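Colleague: Here it is: the structure, laid out below.
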Amino acid sequence: MAIMTYISRKNFFHIIGIKCSHVLSYKLNLLFNNVNESQAMRLEKYLISLEPCSFERIEEYLACMKEIQLKLGECGKDFPTKDG
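This note's numbering applies: residue 52 is where the sequence shown begins, and numbers increase by one.
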């Protein structure tokens, strides 16, 4: 299966031997669809509290925001971005 090339070695043992796609889908959903709520809430609170004036350059502010958004994604939660 092509999906096997996208699974890291540390998680591969969870799915080794699964031959049915629906069983594989179910197992991957169990492994990767969990939300670490406490970590996500802490990161969201920090992200919301960020002020551009507390950084020397706007690039540093944007990089910090992007890093926190990526960490939220790792927790299983996406932080919605708004234009404007």
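In this text, a Cβ means the ideal position worked out from N, Cα and C, and glycines have one as well.
Keep in mind it's a predicted model, so treat the numbers as computed, not measured.
Helix, strand or coil for LEU94 per DSSP?
Modeller: Collapsing the DSSP output to three states places LEU94 in a helix.
Colleague: Which one of GLU125, ILE109 and PHE63 has the shortest CA to CA distance from LYS145?
Modeller: This structure gives no information on residue 145, because the portion of the chain shown stretches from 52 to 135.
Colleague: Following the continuous alpha helix (DSSP H) through ARG60, name the residue where it begins and the one where it ends.
Modeller: 60-66
Colleague: Just curious, the alpha helix (DSSP H) that LEU123 is in, first and last residue?
Modeller: 109-126
Colleague: For a quick check, are the C-beta atoms of LEU113 and LEU94 less than 8 Å apart?
Modeller: no
Colleague: Does the Cβ of CYS71 have 16 or more other Cβ atoms within 10 Å, making it buried, or fewer, making it exposed?
Modeller: exposed
Colleague: Below 8 Å between beta carbons: does that hold for GLN90 and CYS126?
Modeller: yes
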